[in-house]
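Our numbering puts the first residue of the sequence shown at 4, with every later residue one more than the last. Glycine residues also receive a C-beta, built at the ideal position from the N, C-alpha and C atoms. Worksheet: the structure to be examined is printed underneath.
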Amino acid sequence: MGEAPSDHQLHVARVAVHLCAQLADGMQDVEPVLKPIQNLVANSEGAEAMPLAVQTLSVVARRRVEASLRFNPVIPLTALAIGKDAAGRCAWAARESLHQFASDGNGVGQAYAQLLAGYAHIELMDSAKALKAAVASEELFKSQKNKPGEAAALCCQSSARLLRAMAGSSPQLQLAEDKEEKVKAVKKRQEEEAKAGISSARAACCIYSDIDDRKSEAACLTLVGELMLAKDEVDEAKNVAREARDIFQDLEDPYGEARALNLILSANMLHEADAVDALFAAKDVLWLFRGNDISEEEEDKKAIADGLHGQAKVHFSIGELSEAKEVAQEALKYYQQAKMSPKEAACGQGYALQTLAHTHCAELSPDEGLPFSEQSVELFATAGDVKGQAMAKAVLAYQDTMSRMKQLEDTPQAFTQQSNARVTENWTVIEDAMAMMRDIRNQEGEDTIGSLIYEMNQKVGEIQKKMSTPTKTVWTVDKVTRKAKQKDYYEPVDPGTQLATQE
Numbered sequence: 004m005g006e007a008p009s010d011h012q013l014h015v016a017r018v019a020v021h022l023c024a025q026l027a028d029g030m031q032d033v034e035p036v037l038k039p040i041q042n043l044v045a046n047s048e049g050a051e052a053m054p055l056a057v058q059t060l061s062v063v064a065r066r067r068v069e070a071s072l073r074f075n076p077v078i079p080l081t082a083l084a085i086g087k088d089a090a091g092r093c094a095w096a097a098r099e100s101l102h103q104f105a106s107d108g109n110g111v112g113q114a115y116a117q118l119l120a121g122y123a124h125i126e127l128m129d130s131a132k133a134l135k136a137a138v139a140s141e142e143l144f145k146s147q148k149n150k151p152g153e154a155a156a157l158c159c160q161s162s163a164r165l166l167r168a169m170a171g172s173s174p175q176l177q178l179a180e181d182k183e184e185k186v187k188a189v190k191k192r193q194e195e196e197a198k199a200g201i202s203s204a205r206a207a208c209c210i211y212s213d214i215d216d217r218k219s220e221a222a223c224l225t226l227v228g229e230l231m232l233a234k235d236e237v238d239e240a241k242n243v244a245r246e247a248r249d250i251f252q253d254l255e256d257p258y259g260e261a262r263a264l265n266l267i268l269s270a271n272m273l274h275e276a277d278a279v280d281a282l283f284a285a286k287d288v289l290w291l292f293r294g295n296d297i298s299e300e301e302e303d304k305k306a307i308a309d310g311l312h313g314q315a316k317v318h319f320s321i322g323e324l325s326e327a328k329e330v331a332q333e334a335l336k337y338y339q340q341a342k343m344s345p346k347e348a349a350c351g352q353g354y355a356l357q358t359l360a361h362t363h364c365a366e367l368s369p370d371e372g373l374p375f376s377e378q379s380v381e382l383f384a385t386a387g388d389v390k391g392q393a394m395a396k397a398v399l400a401y402q403d404t405m406s407r408m409k410q411l412e413d414t415p416q417a418f419t420q421q422s423n424a425r426v427t428e429n430w431t432v433i434e435d436a437m438a439m440m441r442d443i444r445n446q447e448g449e450d451t452i453g454s455l456i457y458e459m460n461q462k463v464g465e466i467q468k469k470m471s472t473p474t475k476t477v478w479t480v481d482k483v484t485r486k487a488k489q490k491d492y493y494e495p496v497d498p499g500t501q502l503a504t505q506e
């Protein structure tokens, strides 16, 4: 026999409450809302608990997704993400509750279930399902004349559009015969998605303004800014971010203001000419959390660490490597002092260590950077973060190889047998990273690592061409242009400095 409706409602409510408690870490306003729902679940009152649990989970899921969905994050934000496992359970809770709400004729419940499904599918990288659920949620909220819900559904649509606007840059395009046409088609599609997302987000901003929800309006403006960055409308994105910052300042919300400043920072980092302006934005973020009127005991160590890490990345981008190392070291110290979950600590410290390694590699001192990279891999492994560990391995291999190739190019005498052995080892490391991504079925991670492998092969090929002469030349006919084309094959001049490549 099947599960009784009341038992099933209780089961769905219990799963939703557990997910809320898991994902709402650090959201102080959620705990007082969640406590009564937990009591209902403890008393086996599933019919009363399920609608409240699903609604609360939709709010928590939205915050998590919007906090981690960025077009050009200066520092990685994966610690804030829901994660595939939790997102899958959110999607299950949305689907199961939706059937019950529809059976009961509960329109508001259906709307929140669809909203939860939308954000869950964004996290699962399924923009088609996310958009479908978000549109259904908007229609349901409209039928209930629920303006805040309608605005939330519009924001969900915009987030799904942003996901689509960021998709499509696969390294496989580099291998296509008609690469330029395909790249143009992808770019056009991305711009169309971003434009549609801006329209939805603007509509949500208007609703929040009408109902005088200024905090949500400001947060929605930052979403508009992210979509503008996806369209490469950098100046417009910065103007919107400044508008959001003004509202957050009026509300005395330093975290919201930091988010707006980070959007300005990200916009400035997209173009080299604006990189110096990004440094001012990074310092403004830092000032918010350790200004003169904030005591050391009151400091938010993680927020300061994030601000310092962002500043270090900006220093690196404008070639100030010594400053980048110094600030990254300070960021690492604050991450170690911050109260965070093991995964968040691994992300904070791990990425700061990668930045330190990157600065050493940029100074053509890969041997000095290698210990930092290896420590980063260990941190992710200890935290049980497979994706983070795989990316840390890939970054280690990429940064180290590219630094040694540059070293060989500039000062060939510095490239030793040990250097070549390290490059050979790097291929093993990055292949292991790719295998880890395949094991967890993370296509985005596979694509990212694939592009790193492509760049490594390209760089090794360039060096070989400079160091040696072709040992074999083959002439073929281009199938498209019907013109003859030359393909040269190279062998290293000295077997003692044979460069490792990946087939």
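Do you know offhand how far residue i's Cα is from residue j's?
i      : j      : result
LYS148 : ALA155 : 13 Å
ASP216 : CYS208 : 9 Å
LEU264 : TYR258 : 10 Å
GLN177 : ARG248 : At GLN177 the pLDDT is 49, less than 50, meaning the model places this residue with poor confidence and gives no usable figure here.
ALA24  : ARG17  : 11 Å
ALA285 : LYS87  : 31 Å
SER344 : SER71  : 17 Å
GLN175 : VAL186 : With a pLDDT of only 49 at GLN175, under 50, the local geometry of the prediction cannot be trusted, and the value read off the model is given with reservation. Going from the Cα of GLN175 to the Cα of VAL186 covers about 11 Å.
ALA19  : CYS93  : 7 Å
ILE267 : HIS318 : 16 Å
ASN271 : ASP280 : 6 Å
HIS14  : VAL330 : 49 Å
ASP32  : ALA52  : 19 Å
PHE283 : ILE321 : 13 Å
ALA348 : LEU273 : 28 Å
LEU455 : ASP403 : 12 Å
THR451 : SER146 : 42 Å
ALA386 : VAL237 : 37 Å
GLU195 : GLY228 : 15 Å
My assumption, with CB atoms under 8 Å, is that residue i sits in contact with residue j. Please give the rounded CB distance.
i      : j      : result
PHE74  : ALA233 : 5 Å
HIS312 : ALA334 : 4 Å
VAL57  : SER100 : 5 Å
LEU134 : ALA206 : Between ALA206 and LEU134 the Cβ distance is about 15 Å, and since that is not below 8 Å, they are no contact.
SER61  : LEU119 : 4 Å
HIS363 : GLY353 : The Cβ separation is near 16 Å, so there is no contact.
LEU291 : GLU260 : 6 Å
Whose CA, out of the options, lies closest to the CA of residue i?
i      : options                        : result
GLU142 : ALA131, ASP129, GLY112, ALA123 : GLY112
ALA27  : ILE85, LYS409, GLN332          : ILE85
GLU239 : ILE125, LEU72, THR225          : THR225
ALA306 : LEU282, ALA315, TYR337, ALA276 : TYR337
GLY29  : ASP253, ARG67, LYS187          : ARG67
GLU465 : GLU412, LEU455, VAL432         : GLU412
GLU458 : MET405, ARG441, ALA424         : MET405
GLN193 : ALA206, GLN446, ALA170, ASP213 : ALA170
ALA204 : SER269, GLU255, GLU183, ALA137 : ALA137
GLY108 : ASP129, ILE78, PRO54, LEU134   : PRO54
ASN423 : GLN392, PRO369, LYS468         : PRO369
ALA308 : GLY351, ASP296, MET408         : GLY351
GLN340 : LYS346, ALA123, LYS304, GLY310 : LYS304
LEU399 : GLY387, GLU428, ALA386, GLN421 : GLU428
Starting from the C-beta of residue i, find all residues in its chain whose C-beta is less than 6 Å away, skip the five residues before and the five after it, and write them out in chain order.
i      : result
GLY152 : ALA114, PHE144
GLY200 : SER161, ARG164, LEU165, LEU230
ALA139 : GLN117
PHE375 : LEU356, LEU359, ALA360
GLU299 : none
HIS11  : none
LYS198 : none
With a threshold of 7 Å on Cβ separation, who are the neighbours of residue i within its own chain once the five nearest residues in sequence on each side are excluded?
i      : result
VAL389 : MET439, ILE443
SER9   : GLY49, ALA50
For residue i, which residues in the same chain have their Cβ closer than 8 Å to its Cβ, ignoring the five residues on either side in sequence?
i      : result
LYS396 : VAL380, VAL432, ILE433, ASP435, ALA436, MET439
PHE418 : ARG407, GLN410, LEU411, THR500
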